[in-house]
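Take a look at the structure set out below.
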Amino acid sequence: MTQHNQNKKAVSTERLKWLQRESEDWQEQGLISAEAQGSILNLYAGQEEADARRIALSNILLISLGALLIGGGIILLLAHNWEDFGTGLRTFLSFLPLVLAQSLCWYGVQYKPTSLALRESGAVLLFFAVASSIALISQTYHIYGDLERFLVVWLLLGLPIIYLLRSATTLMLISGIILWLCCLEREPYWLFYIALTPYLYKLYQQQSRLLLHWSLWFALIGLTISVVYGSSYYTSPLDHWSIYIALTLGCAYYALGLWWFGFENKKFWTSAPASMGILIIGFISLMFTWYGRTLPSDFWQIESPMRFNEYAILTLFTLSILFTALFMTRNRKLLSVSNWVALSSFAFVLLGITGFFIHQNQHVFVIASNLYILIGSVLLMFQGINRNRLMLLNGGLIWFSLLVLFRFFDSDIPFVFKGVIFIVIGSAFIGTNVWFKKKQHAKESQA
Amino acid sequence: MKHLKVLLLALFAVQLAVPGYMIFEQHQILSKGTVYKFKTQPIDPYDPFRGRYVTLAYNVDANPIPTKEVFQRGDWAYALLSEDEDGYATFTQLVSEEPEAGQEYIEVEVSWGGTDRGHYIDLPFDRYYASEETAPNIERAVWRRDQVEDVYAEISVLNGKATLKELYVEDLPIREYLEQKASQAEE
Numbered sequence: 194m195t196q197h198n199q200n201k202k203a204v205s206t207e208r209l210k211w212l213q214r215e216s217e218d219w220q221e222q223g224l225i226s227a228e229a230q231g232s233i234l235n236l237y238a239g240q241e242e243a244d245a246r247r248i249a250l251s252n253i254l255l256i257s258l259g260a261l262l263i264g265g266g267i268i269l270l271l272a273h274n275w276e277d278f279g280t281g282l283r284t285f286l287s288f289l290p291l292v293l294a295q296s297l298c299w300y301g302v303q304y305k306p307t308s309l310a311l312r313e314s315g316a317v318l319l320f321f322a323v324a325s326s327i328a329l330i331s332q333t334y335h336i337y338g339d340l341e342r343f344l345v346v347w348l349l350l351g352l353p354i355i356y357l358l359r360s361a362t363t364l365m366l367i368s369g370i371i372l373w374l375c376c377l378e379r380e381p382y383w384l385f386y387i388a389l390t391p392y393l394y395k396l397y398q399q400q401s402r403l404l405l406h407w408s409l410w411f412a413l414i415g416l417t418i419s420v421v422y423g424s425s426y427y428t429s430p431l432d433h434w435s436i437y438i439a440l441t442l443g444c445a446y447y448a449l450g451l452w453w454f455g456f457e458n459k460k461f462w463t464s465a466p467a468s469m470g471i472l473i474i475g476f477i478s479l480m481f482t483w484y485g486r487t488l489p490s491d492f493w494q495i496e497s498p499m500r501f502n503e504y505a506i507l508t509l510f511t512l513s514i515l516f517t518a519l520f521m522t523r524n525r526k527l528l529s530v531s532n533w534v535a536l537s538s539f540a541f542v543l544l545g546i547t548g549f550f551i552h553q554n555q556h557v558f559v560i561a562s563n564l565y566i567l568i569g570s571v572l573l574m575f576q577g578i579n580r581n582r583l584m585l586l587n588g589g590l591i592w593f594s595l596l597v598l599f600r601f602f603d604s605d606i607p608f609v610f611k612g613v614i615f616i617v618i619g620s621a622f623i624g625t626n627v628w629f630k631k632k633q634h635a636k637e638s639q640a
Numbered sequence: 006m007k008h009l010k011v012l013l014l015a016l017f018a019v020q021l022a023v024p025g026y027m028i029f030e031q032h033q034i035l036s037k038g039t040v041y042k043f044k045t046q047p048i049d050p051y052d053p054f055r056g057r058y059v060t061l062a063y064n065v066d067a068n069p070i071p072t073k074e075v076f077q078r079g080d081w082a083y084a085l086l087s088e089d090e091d092g093y094a095t096f097t098q099l100v101s102e103e104p105e106a107g108q109e110y111i112e113v114e115v116s117w118g119g120t121d122r123g124h125y126i127d128l129p130f131d132r133y134y135a136s137e138e139t140a141p142n143i144e145r146a147v148w149r150r151d152q153v154e155d156v157y158a159e160i161s162v163l164n165g166k167a168t169l170k171e172l173y174v175e176d177l178p179i180r181e182y183l184e185q186k187a188s189q190a191e192e
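Chains as they are written, first to last, in my numbering: chain A, 194 to 640; chain B, 6 to 192.
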């Protein structure tokens, strides 16, 4: 299955045959050249071909999963600690899976260079064999070293597999390992995600749909959790900044998604950066609606000094702000209403940063964020109805419902006040709906 | 493609060399190193990749090591080795310069402390791997005793690197000790 094939539009076999017949007629009549006919036909793939493609892709997925389980199984078997085996046998066993996996990979590269399934499964097995080898040796010799060191060695020995065997499954596994490391230690291990970007870009260029999206989701979720977790621990000088860092990452992902996959991409799954951005923006904006959020504090405190990790996160924060701002100014005419709803949350980042210099009242944030979600979610619902896009409608509904739910349980607002707001907004909803219906009726009767 | 294959072979070589070197280094220390006895108390945790192990809490770790120099937490330093009157290992001092030949030492990571009261350290041999059955048994066998005077680990030391040779209870290697206990219980 070539990469090119994956881009073809799937149509039923009858339609494809019809198109073949017709295009031959057109060519005979001199409407199009033989070349043009070829390239038109090349745009489409028959259903069988599309089915074959889907089966091939699901094969890769299943084989990779199989390899994953086998690799994990080998590690578990060795972790049992077969203490009755002598050192010689244990040494042999530490190299056996590694050599076998390497042979499989070599066989794939040398004799079956086109088999994606063999390459992916070989790479996954090799990745796990490296771990089992180091693990068994540490076990045999009681080698010192906590989980962190073990994971770092594994990561470094496994990282080249992504590039040399072109394995996306290994990339996902490594995304997980980096995330694990970031959760173990507050060190800037998330910088390892940079080492994954060239491969992600290559997948993007190849338009490798399935693997690209899975890999992107894994990498983005890992990066977000690592960075936010790394900035939010107790006594970190970035502690009070993590909410703004998270929101900036969300906006930057969203902008990146629009930039990479175009403004017209409507599917949630196939635009991982934009979708991830939406999730972060929706969640963080809801967090802003509560009182008790701490205002950003000075970075350079005496009791908790800035270290490399903090400087690295701060650099990422600054780059994300610059990228988002640049994207918004350059594409302001292309952005739709729903795009603007998402990206205007960026204002809270700016408000937060200015709040660091000019002390603001907390009410400003709480009122602004409540209004933002209220107006934003209603706009999204309208857009969803008008443009007949269910995802926008549902997204707006969920966002709005969460806001209502949060305010219902908000103990900072007196009951009477809450009750009045609820009734007013509820009436406004019904009123607008009635007005909207009437307007449509008027339009229909005019037509 | 040619380059890729060469690089792939290089990666394979590195992947084989790292565990190979780990084995070589351990062998060197075990065969050529000086053996010290460290008094210890084991407890039994779990590692997802390497299985069960016994964490060894050493008596030498109970007190900070005196030092004249200033260390930060996480720095690497050299702990000078000596033996007390009972033949167990002790640390005399923490220094930043590698000691000259003749003085045995272990390279350690500096933990909490200060110049005035000395530093605690992380000993690089605090894990004893054992099977799922043995590890809890080791812990139980040792903790059930009121006096843990006679539990110690034999550590082989060579050029600052140290590796765990065997764990002893009542001067018996731990496995022999457990077997003896088991046969005594049957009788």
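For every residue, glycine included, the Cβ atom is placed at its ideal position computed from N, Cα and C. These numbers were taken from a predicted model, which means no experiment stands behind them.
Task: Inter-residue CB distance, B:A158 and B:L61 (contact presumed, cutoff 8 angstroms) - done: Position 153 of the second sequence holds residue 158 of chain B. Position 56 of the second sequence holds residue 61 of chain B. Confirmed, Cβ separation roughly 6 angstroms.
Would the beta-carbon of A:G450 fall within 9 angstroms of that of A:S464?
Position 257 of the first sequence holds residue 450 of chain A. Position 271 of the first sequence holds residue 464 of chain A. Contact flag set, yes.
Excluding five sequence neighbours on each side, which residues of the same chain lie with their C-beta closer than 6 angstroms to the C-beta of A:L348?
Taking the first sequence and counting its residues from 1, one reaches residue 348 of chain A at position 155. For A:L348, same chain residues with a beta-carbon under 6 angstroms away, outside a window of 5 residues either side, are I370 in chain order.
Query - Residue environment, B:D151, which counts as buried when at least 16 other CB atoms sit within 10 Å - result: Working through the second sequence from its first residue, we reach residue 151 of chain B at position 146. Note that B:D151 scores 48 on pLDDT, short of 50, meaning its location in the model is unreliable and no value can be drawn from it.
Could you list which residues in chain B have their beta carbon closer than 9 angstroms to that of A:T511, in chain order? Walking along the first sequence from the start, residue 511 of chain A turns up at place 318. Taking a Cβ-Cβ threshold of 9 angstroms, none of the residues of chain B is close to A:T511; the smallest such distance is about 27 angstroms.
Give a yes or no on whether the C-beta atoms belonging to A:L344 and A:L374 are separated by under 9 angstroms.
Sequence index remark: in the first sequence, residue 344 of chain A carries index 151 (1-based). Sequence index remark: in the first sequence, residue 374 of chain A carries index 181 (1-based). Going by beta carbons, A:L344 and A:L374 fall inside the 9 angstroms limit.
- Task: Could you have a look at A:E380 and say whether DSSP puts it in helix, strand or coil?
- Result: Within the first sequence, the letter at position 187 stands for residue 380 of chain A. Taken through DSSP and simplified to helix, strand or coil, A:E380 comes out as coil.
Coarse secondary structure for B:Q98, derived from DSSP in three states:
On the second sequence, position 93 is the one that residue 98 of chain B refers to. DSSP places B:Q98 in the strand class (E or B) of the three-state scheme.
Which two residues bound the contiguous alpha helix (DSSP H) that contains B:H8?
Here residue 8 of chain B corresponds to residue number 3 of the second sequence, with the count starting at 1. K7 to K37 is the extent of the alpha helix (DSSP H) around B:H8.
Cβ of A:Y334 less than 9 angstroms from any chain B Cβ?
-> Residue mapping note: residue 334 of chain A aligns to position 141 of the first sequence, counting from 1. Taking 9 angstroms as the threshold, the shortest C-beta distance from A:Y334 to chain B falls below it.
query = If you scan the region 331 to 388 of chain A from start to end, which runs of the alpha helix (DSSP H) of 4 or more residues do you find wholly inside it?
reply = Qualifying alpha helix (DSSP H) stretches, in chain order: 340 to 357 and 361 to 377.
- Message: If I measure Cβ to Cβ from A:G301 and keep anything under 7 angstroms in the same chain, skipping five residues before and after, which residues do I get?
- Response: In the first sequence, the residue the question calls residue 301 of chain A occupies position 108. For A:G301, same chain residues with a beta-carbon under 7 angstroms away, outside a window of 5 residues either side, are S308, L311, R312 and G315 in chain order.
Distance between A:V530 and A:Q576 (C-alpha atoms, nearest Å): On the first sequence, residue 576 of chain A is found 383 positions in, with the first residue counted as 1. On the first sequence, residue 530 of chain A is found 337 positions in, with the first residue counted as 1. A straight line joining the alpha-carbon of A:Q576 with that of A:V530 spans about 8 angstroms.
| query | Tell me the DSSP bridge mates of B:F43? | reply | Sequence index remark: in the second sequence, residue 43 of chain B carries index 38 (1-based). Its beta-bridge partners are B:A158.
Open item on the list: Using a Cβ-Cβ distance cut-off of 9 angstroms, determine whether B:L99 contacts chain A.
Closed with: Walking along the second sequence from the start, residue 99 of chain B turns up at place 94. With its beta carbon at least 9 angstroms from every one in chain A, B:L99 lies outside the interface.
Would you kindly check if the distance between the Cβ of A:A448 and the Cβ of A:F520 is under 9 angstroms? As a position in the first sequence, residue 520 of chain A is number 327, starting the count at 1. As a position in the first sequence, residue 448 of chain A is number 255, starting the count at 1. Result yes, Cβ atoms of A:F520 and A:A448 sit closer than 9 angstroms.
Which of helix, strand or coil DSSP assigns to B:D151
Indexing the second sequence from 1 puts residue 151 of chain B at position 146. Low confidence applies here, because B:D151 scores a pLDDT of 48, under 50, leaving its location unreliable; read the following figure in that light. Here B:D151 sits in coil by DSSP.
- For A:A324, go through chain B and note every residue whose CB falls closer than 8 angstroms to its CB, in chain order. As a working note, residue 324 of chain A is residue 131 in the first sequence. Near A:A324 (Cβ distances below 8 angstroms), the residues of chain B are F54.
Could you work out which residues of chain B lie near A:S331, taking near to mean beta carbons separated by less than 7 angstroms? The sequence position of residue 331 of chain A within the first sequence is 138, counting from 1. For a Cβ distance threshold of 7 angstroms, residue set R55 of chain B lies close to A:S331, ordered along the chain.
* Closest Cβ-Cβ distance between A:Y337 and chain B: below 9 angstroms? -> Within the first sequence, numbered from 1, the residue matching residue 337 of chain A stands at position 144. Chain B contact via Cβ: present.
(request) In the DSSP assignment, find the beta strand (DSSP E) that holds B:I126 and state where it starts and stops. (result) Taking the second sequence and counting its residues from 1, the one referred to as residue 126 of chain B is at position 121. Secondary structure note for B:I126: its beta strand (DSSP E) is the uninterrupted segment G123 to D127.
Item checked: Residues from the region 274 to 300 of chain A in contact with chain B, defined by Cβ distance under 8 angstroms -> Flagged, chain order: N274, W275, E276, T284, S287, F288, L291, V292, Q295, C298 and W299.
**Paired residues, beta bridge with B:Y58 - DSSP** = Your numbering for residue 58 of chain B matches position 53 in the second sequence. Answer is B:Y134.
(request) Out of A:I233, A:A388 and A:E341, state which residue places its alpha-carbon closest to the alpha-carbon of A:I354. (result) By one-based count along the first sequence, residue 354 of chain A stands at place 161. Among A:I233, A:A388 and A:E341, the Cα nearest to that of A:I354 belongs to A:A388.
- Determine the burial state of B:E109: buried for a count of at least 16 other Cβ atoms within 10 Å of its Cβ, exposed for fewer. Position 104 of the second sequence holds residue 109 of chain B. With 16 or more other Cβ atoms within 10 Å, it is buried.
Report back the beta-carbon spacing between B:D127 and B:V113 to the nearest angstrom; my notes put them in contact at under 8 angstroms. Counted from its first residue, the second sequence places residue 127 of chain B at position 122. Counted from its first residue, the second sequence places residue 113 of chain B at position 108. About 6 angstroms separates the two Cβ atoms, so the contact holds.
Check your understanding: Would DSSP call B:K73 helix, strand or coil?
Key -> Counting from 1 along the second sequence, the entry for residue 73 of chain B is found at position 68. Coil at B:K73, not helix or strand.
#### Entry: Same chain, Cβ closer than 7 angstroms to B:E175, five either side skipped, listed in chain order
What you label residue 175 of chain B is simply residue 170 of the second sequence in a count that begins at 1. Cβ neighbours of B:E175 beyond the five flanking positions: D155 and Y182.
Practice prompt. Sort A:L291, A:S620 and A:L270 by Cα distance to B:V1 and report the nearest one.
Written response: For residue 1 of chain B there is no data in the structure shown, the boundaries of chain B being 6 and 192.
Practice prompt. Note down, in chain order, every chain C residue with its Cβ under 9 angstroms from the Cβ of A:V346.
Written response: The structure shown contains no chain C; its protein chains are A and B.
Open item on the list: In this structure, how does DSSP classify B:L169 when only helix, strand and coil are distinguished?
Closed with: Start at 1 with the first residue of the second sequence, and residue 169 of chain B comes out as number 164. Three-state DSSP puts B:L169 in a strand.
Exercise. If you measure from the beta carbon of A:I370 to each beta carbon in chain B, is any gap under 9 angstroms?
Worked result: Reading the first sequence from its first residue, position 177 is the one you call residue 370 of chain A. Taking CB atoms only, A:I370 has no neighbour in chain B less than 9 angstroms away.
Report task. Compare the C-alpha of A:T428 against each of A:A621, A:M499, A:L472 and A:I367 and name the closest. Result -> Here residue 428 of chain A refers to the residue found at position 235 of the first sequence. Looking at the Cα atoms, A:M499 is the closest of the given residues.
Please report the straight-line C-alpha distance between B:D121 and B:V65, rounded to a whole angstrom.
Mapped onto the second sequence, residue 121 of chain B falls at position 116. Mapped onto the second sequence, residue 65 of chain B falls at position 60. Each residue's alpha carbon lies about 18 angstroms from the other.
Where does A:W462 sit, in a helix, a strand or coil, going by DSSP?
Along the first sequence, read from residue 1 onward, the residue named residue 462 of chain A stands at position 269. Looking at A:W462 - three-state DSSP - the assignment turns out to be coil, as it is neither helix nor strand.
Have a look at A:L358, A:K631, A:H406 and A:V609 and flag the residue whose alpha-carbon is nearest the alpha-carbon of B:H8. Here residue 8 of chain B refers to the residue found at position 3 of the second sequence. Checked all of A:L358, A:K631, A:H406 and A:V609; the closest Cα to B:H8 is A:L358.
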